[in-house]
Amino acid sequence: MKLASITLLGTLSCAALLLPSTARAGLDSCGNINVSAEAECELVTSGGCEAMCEPLSLEAACAGQLYAECQGQCNADVSVECTGSCQADCTGQCEVDPPSFDCRVSCEADCEGECSGRCDSNDSECAASCRGTCSASCDGSCEATPGEANCEAKCEASCEGSCEAEANIDCQVECQAGGFIECEAELKGGCEVDCEKPEGALFCDGQYVDHGNNLEECIAALEAAYNIDVEGYAEGMCSNGTCTGEAGVSCSIEPGAERNAWTTGWLAFSSVFVVAAARRRRRR
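Each residue of the sequence shown is one higher than the one before, starting from 0 at the first, in numbering that gives the first Met the number 0.
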């Protein structure tokens, strides 16, 4: 199997040039898929790629899509007890080490701890729905909180996201249950089409990522949400509006596109630093 591995650093050197300087892409550009902070993502380009487009590898992507479809009917109120308990623990973390608090990581770790108690160990669809609900709720709550916000504000957003998810997990799991077969059949075709493309199909921890033909935006969103350490991507080179890495991943830049100071600085250092995000402990 030939792998064109992405570090969400190398390809993002291109992606940074394609997006407006003020753009903030949420994980909706990745189909609202649940991705852990320690995920390994890669582009699979040939030799066995289509074999990876199996139902078990499509569950996370389907859970992301089905979450959006079920959101209208799964909108229970957040429990005051949940937010109070969460914020008490969260505030303690802020007092110990404020700079290290990560809203998304803390929110998802806190929420996903509930999934093992709500789903049977052999029910992978339930687990995917539960984790997907956590991811979407946490993403929405934490994305609305500025990165420069203080630890207490990030803590509040983290608790709002995890408690919102916990209030709606049972509804989401039940609502999504009837949609997996149809969704997986549709995504299997899309996955196989991606396998035939020069850039290949994107997988994170073996789960297909349905980026809806927005690969660069999806990669940018993953990097913005989590600093994911993915091995093996060759340093990209840019020439005549195209960035091409040795592994064969490329993206185009519109002629005359603006490059602000942030983009220039990011490009200079993007291939040097990889920061692994650590999960925060689950609220007891």
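Glycine included, C-beta positions come from ideal geometry on N, C-alpha and C.
Owing to the predicted nature of the structure, the values given are computational and were not obtained by experimental measurement.
- Roughly how many angstroms separate the alpha carbons of GLY116 and THR132, rounded to a whole number? If you number the sequence shown from 1, residue 116 lands on position 117. If you number the sequence shown from 1, residue 132 lands on position 133. Between GLY116 and THR132, the C-alpha separation is close to 15 Å.
Point to revise | 7 Å Cβ shell around GLN171 - same chain, five flanking residues per side excluded | key: Mapped onto the sequence shown, residue 171 falls at position 172. Same-chain partners within the cutoff: TYR66, CYS69, CYS73, SER128 and THR132.
Residue range of the alpha helix (DSSP H) that includes VAL104
Your numbering for residue 104 matches position 105 in the sequence shown. Start and end: 102–111.
- Message: Suppose the cutoff is 6 Å on Cβ atoms and the five residues either side in sequence are ignored; what does the same chain contact list for SER140 look like?
- Response: Taking the sequence shown and counting its residues from 1, one reaches residue 140 at position 141. The residues are ALA156, GLU159 and GLY160.
For this session: Along the alpha helix (DSSP H) that carries THR288, what are the first and last residues, could you check?
Result: Summary: the structure shown does not reach residue 288, with the chain confined to residues 0 through 283, and so no result is reported for it.
Exercise. Rounded to the nearest angstrom, how far is the Cβ of CYS114 from that of ARG103, given a contact under 8 Å?
Worked result: In the sequence shown, the residue the question calls residue 114 occupies position 115. In the sequence shown, the residue the question calls residue 103 occupies position 104. In fact, because the Cβ distance is near 16 Å, the residues do not count as touching under 8 Å.
- Item | Nearest candidate by alpha-carbon position, reference TYR225, set GLU191, ALA152, ALA36 and ASN31 | Counting from 1 along the sequence shown, the entry for residue 225 is found at position 226. The residue with the shortest Cα to Cα distance from TYR225 is ALA36.
Run the CB neighbour count on LYS153, radius 10 Å, all protein chains shown included, and call it buried at 16 or more, exposed below. As a working mapping, residue 153 is identified with position 154 in the sequence shown. Under this definition LYS153 is a buried residue.
*Would you tell me roughly how many angstroms separate the C-alpha atoms of HIS210 and GLY189, rounded to the nearest one?*
Working through the sequence shown from its first residue, we reach residue 210 at position 211. Working through the sequence shown from its first residue, we reach residue 189 at position 190. Each residue's alpha carbon lies about 10 Å from the other.
Using C-beta distances below 8 Å, list every residue in its chain close to GLU284, excluding the 5 sequence neighbours before and after it, in chain order. Because the chain spans 0 through 283 in this model, residue 284 falls outside it and cannot be assessed.
*Might you give, ordered along the chain, the residues of its own chain that have their beta carbon closer than 8 Å to the beta carbon of SER78, omitting 5 neighbours on each side?*
The residue given as residue 78 occupies position 79 in the sequence shown. For SER78, where only same-chain residues beyond five positions count, the Cβ hits under 8 Å are CYS162, GLU165 and ALA166.
Using the Cα positions of GLU58 and GLU49, report the straight-line distance between them to the nearest angstrom.
In the sequence shown, counting from the first residue as 1, residue 58 sits at position 59. In the sequence shown, counting from the first residue as 1, residue 49 sits at position 50. Taking the straight line joining both Cα atoms gives about 16 Å.
Please state whether DSSP places GLU257 in a helix, a strand or coil. Working through the sequence shown from its first residue, we reach residue 257 at position 258. In this prediction, GLU257 has a pLDDT of 40, which is less than 50 and means its spatial position is unreliable; what the coordinates show is noted afterwards. Correct three-state label for GLU257: coil.
| field | Status (buried if at least 16 other CB within 10 Å, exposed otherwise) for ASP76 | value | In the sequence shown, counting from the first residue as 1, residue 76 sits at position 77. So ASP76 counts as exposed.
Give me, in chain order, the residues of the same chain whose beta-carbon lies closer than 6 Å to that of VAL34; leave out the 5 immediate sequence neighbours on both sides.
Residue numbering aside, residue 34 sits at position 35 when the sequence shown is read from its first letter. Contacts found: CYS203.
Whole alpha helix (DSSP H) runs in the region 41–78 with 4 or more residues, listed along the chain?
58–69
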